[in-house]
Amino acid sequence: MYQLELHFHTDESSRCGKVPAAEGVRMHIEQGYDGLVVTDHFSENALGGPDGDWTEICRHFLRGYHLAKKAAAEAGDFRVYLGMEIRFPHDENDFLVYGMKEDFFARYQWIYMKELPDLWEIAEAERLTIIQAHPFRKMCFPADIRFLHGIEIMNGNPRHDSRNNLAKEMARREGLVGTAGSDFHQIPDLAGCCVRMANLPADEQELARVIREGRFEAAATSSAG
1086 MYQLELHFHT
1096 DESSRCGKVP
1106 AAEGVRMHIE
1116 QGYDGLVVTD
1126 HFSENALGGP
1136 DGDWTEICRH
1146 FLRGYHLAKK
1156 AAAEAGDFRV
1166 YLGMEIRFPH
1176 DENDFLVYGM
1186 KEDFFARYQW
1196 IYMKELPDLW
1206 EIAEAERLTI
1216 IQAHPFRKMC
1226 FPADIRFLHG
1236 IEIMNGNPRH
1246 DSRNNLAKEM
1256 ARREGLVGTA
1266 GSDFHQIPDL
1276 AGCCVRMANL
1286 PADEQELARV
1296 IREGRFEAAA
1306 TSSAG
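Following this note's numbering, the numbering of the sequence shown begins with 1086 at its first residue and continues without gaps.
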């Protein structure tokens, strides 16, 4: 089985990230991971509103991913995929999105100023997968499941009570895919959770499909419950 991190932030592109992308890749290789998805924060709060320069915003957002990708290529035999953790303007819910390539951001300008149903329409057209991150964390609430492919049932961040037990129950009750992620920002977050897959996805689109179809095992690798 191949082990992947689905929720990973970089110092370069997320203000709350405290570990440089290349160092984060090295740490995950040492822990026996086979790949990770860079899911830096993508929101008005993180990157600015429509008075900003969209091209520059996207350049900054992608910097962590580019550096992680470069580090993985230098290390060899480790995959880095592009993703995002998007938040919309009117609440503090976060959504992990898988399946896009870099050109997605040029084609859907200011997507984070819209709403979840708008993202759902795009996801359906682009074959993306939308997973609500830590839906039961303080200040968050479960989103309308009509616009979700699944939820994060195991969030390993040690500085937050994500009430994973409630997320697991919701996924079971609603028949939703349930993912796991360390929510890596700092060194103590390393290897809190993972997903294990029979095959390593070749690219972002295959990764999104595997997640959407539930062809993985969500696992706690340390203290996440």
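Glycine is no exception: its CB is placed at the ideal position from the N, C-alpha and C atoms.
Own chain, CB closer than 7 Å to R1231, minus 5 neighbours either side, in chain order | Here the set comprises nothing.
From this set, M1185, Q1116 and F1173, which residue's C-alpha is nearest M1198's C-alpha?
-> F1173
Rounded separation between S1308 and G1277 - CA only | Caution applies to S1308, whose pLDDT of 40 falls short of 50 and renders its modelled position unreliable; the value that the coordinates give is listed next. Between S1308 and G1277, the C-alpha separation is close to 6 Å.
Whole angstroms is fine: what's the gap from A1305's alpha carbon to I1296's?
-> 17 Å
May I ask you to report which of helix, strand or coil DSSP gives T1140?
-> helix
Quick one: what's got a C-beta closer than 6 Å to L1251's C-beta in the same chain, skipping five residues either side?
-> F1221
Would you mind listing the beta strand (DSSP E) stretches within the segment 1186-1249 that are 3+ residues and don't spill past its ends, in chain order?
-> 1214-1218 and 1235-1240
Can you name the residues that DSSP bridges to H1179?
-> A small correction: the amino acid at residue 1179 is Asp; His does not occupy that position in the sequence shown. Note: D1179 sits in a beta bridge opposite A1218.
What's the call for M1185, buried or exposed, on a 16-neighbour Cβ count within 10 Å?
-> buried
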